[in-house]
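Those sequence lines, one after another, are chains A, B and C.
Position one of the first sequence corresponds to residue 106 (the working numbering), numbered consecutively onward.
Position one of the second sequence corresponds to residue 718 (the working numbering), numbered consecutively onward.
Position one of the third sequence corresponds to residue -15 (the working numbering), numbered consecutively onward.
The beta carbon of each residue, even a glycine, is placed where N, CA and C say it ideally should be.
Please read these numbers as outputs of a predicted model, since none were measured by experiment.
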Amino acid sequence: MRDVAIVSVAQTDHRRAVPELNEVEMIQPVIQTVLEQIDAKISDIGFTCSGSSDYLAGQAFSFVMTLDAVGAWPPIVESHVEMDGAWALYEAWLKIQSGHADTALVYGYSKASPGDLPRVLSRQLDPYYYGPLWPDSVAMAGLQARAMLDKGMITEAEMAEIAHRSRTSAESNPHAQVKGSPSVDQLLAEDYLSNPLRKHDCAPVTDGGCAVVIAAGDRAREWADNPAWIRGIDHRVDSHNFGARDITRAPSAALAAEKAGVSDGQVDVAELCAPFTHQERILRNELGLGDDVEVNPSGGALAANPIMGAGLIRLGEVANRIMAGDAGRGVAHATSGHLLQQNLVAVLEGSS
Amino acid sequence: MAESDMEDRSTSTMPGGLWTQPSVSVPDIGDGEVIQRITEPASLHYSYTPGRAPTRFLRGLAEGKLLGGRAEGHDAVYPGSRGMDPVAARPTVESVEVGPDATVTAFCIVHIGFGEKAPPTPFVSALILPDGAAASMYGTVLGIPYEEVRIGMRVRPVWVPEEELGLTSENITHWEPTGEPDVPAEQLKGHM
Amino acid sequence: MGDATSEQEILRAPLTIGYDFQRTTGPVIGAFFTALREHRMLGIRDKAGRVVCPPVEYDPGTGEPLTEMVEVGTEGTVTTWSWVSNLRDGQPLDVPHAMALVQLDGADTAMLHAVDAGSPDNIGSGSRVRVRWRDESVGGIRDIVCFEPIEGGDHG
C-alpha cells in the first residue's frame, strides 16, 4: 500500500440558496483555492474526480459543465461519481494505490435549492415498490427515528441534545450555514415537522461544495508540513429493501469501520455524516465510538449539508484538524442514500 | 406449482439468454394477463437560475447583442458559456460583444427534426464561431440549399423582430450566409 | 456590466423534467403486481424460510434466486411510522397521513405505504391496519390506495 494523504481542503461558505451563481460559478473558487493553498496547478494533478447529482442539477451530465472550473483543456485524466465526493475520493485513492497517479483533485458539490430536495431524494428509491409513493426524505428518516424511539435506543430529548451540541459547535465553523441553537427545552417545545422529527432534527437544505487534494508519499510531504495520512478507507452498502432489514442499525457502517481500522487506535476526533440527529447515535454505535470521542466539532451535516459534498467535508474537517496539529488520529464518515444505506469510513492520522 | 414446471427460464431476450435461473412458482391468481411492464411517470420541478455569466449573455440577447465572457488577464472570449474560461479555469468576469458575423466550423444535415420550432427537414445544424470568439455556438443555418453549406462559410444571425426580443436564445431564429468569401481552413485550426 | 447579485436582478425560470418511465417487471414483481390487480397480496419465501413481502428476486442473505411465491394477508401490523403533513406531488393521499412500514399477516418483512390514520394520535407501532384497494386496479403498487386502521386493533 502506498502512503496517501489529504494535503489541502477548501469549501464554500454554505448557504440555503445561492441563486446568483450556477454550479460551475459556485464551485470554481473552491477548486482554485484548494490548489493555490499548496501552490499547485492543474498540471500538477494526476487525476481529477468529482461527485454530483444530475437530479439536483436538473440536467443530464451536469458534471461535464463543472469541468470548466478545473481547466480540463488540454484533456485531463478525469472521472465522476453520482455519489458524495467522499466516494470520488475513494476512487482517487484507488487510482493512486494502483500507481496510475501520484496526486488527485477531488470535489463534490450541489445546488439543492432549485428543486424540492426531500422530493428529489425520493428518486433514489426502488422504482417499483417505493418510488411510486414519492416518500419524502424527512418522512423516511422519521421511520428510522421512530423505530429507535420505540426500542429505547434514543429519546426525543437526546435527539434535541445532538442538534443543540452540533449547532453550538458550528459557531466556530466559518463555513457553517446553521450556527447556534435554542436550548434543548426550547427545541422540544417546537411542533413536529414530520413526527417524530422536528425541524432541528434535520439537516438544512444547502447549496455548496468542497474540494480536496490528495497525494502520495514525498509529494504529500512537499505540499503539507503535516499531511493527514489515509490509514484506512472502506465503503459498504446495506440493502435498499429497508422493509426487510433492521433500520435501527447500519451493518455496512460497522463493517466499513472495521475494515478501515477504526478500533486500532485512539480516536481524537470523529466527523460523522448524520443528516438527522438520531443517525449520529446509530453511527456512534456502529463505529464503536465511546462517549469520550469528540464528534462533529464542525457541527456536522446538521450545520451544513450540501448533498454530494457533506461526506467529503467530513474527511476535510478531520484532515484540517490533523494538519493543524489539533488531533493525531481521527475518523471520518460519509453516507449516501436513505436511512444510512451506504457508508464510507476513513481513518486519518498525522505523521508522528 | 408442480416440480415439472420448475424449468429454467431465460431472463434475457438475447439469443439463448445471458443467463438463466429457476422459474418461479406462483399461487393461482386467476387467468388475467400477467403484468410484465409498468409505466411510472416521474416529474421533477425546479425553479432554475442561470448564474452570473449566462444572465449577462441572456440580457445581451434581449438587446440583440451576442456577448461573450473573458477572464481577467486572459484573451479568449467565450460566448454563451457557464461563466468559465475552460482553459484557464477562471471566471469570465468581463463581457465582450462578439460577432454578429460568424463562420461555420462544423455542421450536419438533419433529416429528423425535434420540437415544434424545428425547420422543415432536411436542414443544417451547425457550430458557428462568432468573430472575436474563442469557441463556437450551436445554431441552425437556413437561406441556402443544405447541400451547399460548408465549413468556413460566413454567416450572420437572423433575429426575431425587435419587439419580440426576450431573455432567450430563441431570439436568433437561425443563421444565414453573408455571401463573403469562405474562411480558409488553416484559419479555423482548433475549431474544427 | 455588473454582477447580477440582487434577488431582483436574478433571472428565474420554471423547469420541469419528466419521463413516463416504462419498466419491465420480471416474473416476481410481475406476479406481485398481477395479484395486486386481483386485490391479493403475494410474498416470496427466502432460503431461511422467511416470507419477504413485497417479494424480491434474490435472497436478501445469500443472493440465491428465490422461486416460491406465497399468498399473504391483506391486513397487517405497523412496525414503524412517521407523519406526513407537508404533502407533495404524487404521494398516495392528499390529506395528512402516516408513512409506515407494514408487516402483513403471514409475512416476515414490512412494506412501505401510506396509512390514512387521520391524526398521529390514531396510529402507533403495533397498530393493526388493512389495505384500502383502488377500485379500478391496473397492476402496480398504487393499486393499494393506502392502509387504514382496523377499529379496535392493537395500539402500540
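Problem set entry | Chain-ordered neighbours of residue 799 of chain B on chain A, where CB pairs are closer than 9 Å | Going along chain A in sequence order, the residues near residue 799 of chain B (Cβ under 9 Å) are 127, 128, 129, 130, 170, 171, 173 and 174.
Exercise. Looking at the C-beta of residue 791 of chain B, does it have a partner C-beta in chain A at a distance below 8 Å?
Worked result: no
For this session: Consult DSSP for residue 269 of chain A and reduce its assignment to one of helix, strand or coil.
Result: helix
Exercise. In terms of alpha-carbon separation, which member of A/136, A/437 and A/323 lies closest to residue 366 of chain A?
Worked result: A/437
Problem set entry | Neighbour-count burial assignment, residue 340 of chain A, 16 or more Cβ in a 10 Å radius | With 16 or more other CB atoms across the displayed protein chains lying within 10 angstroms of its CB, residue 340 of chain A is buried.
Exercise. What's the call for residue 3 of chain C, buried or exposed, on a 16-neighbour Cβ count within 10 Å?
Worked result: exposed
Exercise. So which residues on chain C does residue 763 of chain B lean against when the C-beta distance must stay under 8 Å?
Worked result: -2, -1, 0 and 1
For this session: Establish whether the CB of residue 752 of chain B and some CB of chain C are separated by less than 8 Å.
Result: yes
Problem set entry | Beta carbon of residue 772 of chain B nearer than 8 Å to that of residue 908 of chain B | no
For this session: Any chance you could list the beta strand (DSSP E) runs of at least 3 consecutive residues sitting entirely within the segment 384 to 451 of chain A, in chain order?
Result: When DSSP assignments are scanned along the segment 384 to 451 of chain A, the uninterrupted stretches of beta strand (DSSP E) that are 3 or more residues long and fall wholly within it turn out to be 434 to 441.
Problem set entry | Residues, ordered as in the chain, of the segment 394 to 415 of chain A that lie near chain B by beta-carbon distance below 8 Å | none
Exercise. Roughly how many angstroms lie between the CA atoms of residue 435 of chain A and residue 453 of chain A, to the nearest whole one?
Worked result: Approximately 5 Å, taken between the alpha carbons.
For this session: Inspect the CB distances between the segment 224 to 234 of chain A and the segment 757 to 765 of chain B and report whether three or more fall short of 8 Å.
Result: Because the criterion of three Cβ pairs below 8 Å is met, the segment 224 to 234 of chain A and the segment 757 to 765 of chain B touch.
For this session: Would you kindly work out how many angstroms separate the C-alpha atoms of residue 405 of chain A and residue 24 of chain C, rounded to a whole number?
Result: 46 Å
Exercise. According to the Cβ coordinates, are residue 81 of chain C and residue 62 of chain C closer than 8 Å?
Worked result: no
Exercise. Using a C-beta cutoff of 8 Å, does residue 838 of chain B count as contacting chain A?
Worked result: no
Problem set entry | Classification of residue 766 of chain B by the beta-carbon crowding that lies within 10 angstroms, buried from 16 upward | buried
Exercise. Per DSSP, residue 824 of chain B forms a beta bridge with which residues?
Worked result: B/843
Exercise. Using a Cβ-Cβ cut-off of 7 Å (strictly less than) and excluding sequence neighbours within five positions of residue 848 of chain B, which residues of its own chain qualify?
Worked result: Beyond the five residues adjoining it in sequence on each side, residue 848 of chain B comes within less than 7 Å, by CB distance, of 815, 816, 818 and 819 in the same chain, given in chain order.
Problem set entry | N-terminal and C-terminal residue of the beta strand (DSSP E) that residue 216 of chain A is part of | 208 to 216
For this session: Determine the contact status of residue 161 of chain A and residue 113 of chain A, defining contact as a CB-CB distance below 8 Å.
Result: no
Problem set entry | Boundaries of the beta strand (DSSP E) in which residue 115 of chain C is found, first to last residue | 112 to 117
For this session: Taking only the alpha-carbon atoms, compute the straight-line gap between residue 312 of chain A and residue 799 of chain B and give it to the nearest angstrom.
Result: So the alpha carbons of these two residues sit roughly 17 Å apart.
Problem set entry | residue 38 of chain C classed as buried or exposed, judged by whether at least 16 other C-beta atoms fall within 10 angstroms | buried
Exercise. Which same chain residues, not among the five before or five after residue 196 of chain A, have their C-beta less than 7 Å away from its C-beta?
Worked result: 154, 184 and 186
Exercise. Among residues of its own chain, excluding the 5 on either side of residue 84 of chain C, which ones have a beta-carbon nearer than 6 Å to its beta-carbon?
Worked result: Correct list, in chain order: 62, 65 and 99.
For this session: Sort A/430, A/429, A/409 and A/122 by Cα distance to residue 278 of chain A and report the nearest one.
Result: A/409
Problem set entry | Neighbouring residues, chain A, relative to residue 101 of chain C (Cβ below 8 Å) | Those do not exist, as residue 101 of chain C stays about 11 Å from chain A at its closest Cβ, beyond 8 Å.
Problem set entry | Contact set between the segment 296 to 314 of chain A and chain C, restricted to residues whose Cβ is under 8 Å from the partner | 297, 298, 299, 300, 301 and 302
Exercise. Residue 723 of chain B to residue 344 of chain A, Cα distance in whole Å?
Worked result: Low local confidence applies: a pLDDT of 43 at residue 723 of chain B is under 50, so the model's placement there is unreliable, and no value is given.
For this session: Show which residues of chain A have a CB atom less than 9 Å away from the CB atom of residue 780 of chain B.
Result: The premise fails here: residue 780 of chain B is roughly 21 Å from chain A at the closest Cβ pair, so nothing lies under 9 Å.
Exercise. Which chain A residues are close to residue 808 of chain B, counting only those with a beta carbon under 7 Å from its beta carbon?
Worked result: Within chain A, the residues near residue 808 of chain B are 130 and 133.
Problem set entry | Given residue 145 of chain A as reference, the closest of A/204, A/208 and A/170 once Cα atoms are compared | A/208
Exercise. Between the C-alpha atoms of residue 101 of chain C and residue 132 of chain C, what's the straight-line distance to the nearest angstrom?
Worked result: 6 Å
For this session: Give the range of the beta strand (DSSP E) segment to which residue 133 of chain C is assigned.
Result: Element bounds for residue 133 of chain C: 128 to 133.
For this session: Taking only runs that begin and end inside the segment 287 to 355 of chain A, name each unbroken alpha helix (DSSP H) of 4 or more residues, in chain order.
Result: 289 to 293 and 322 to 328
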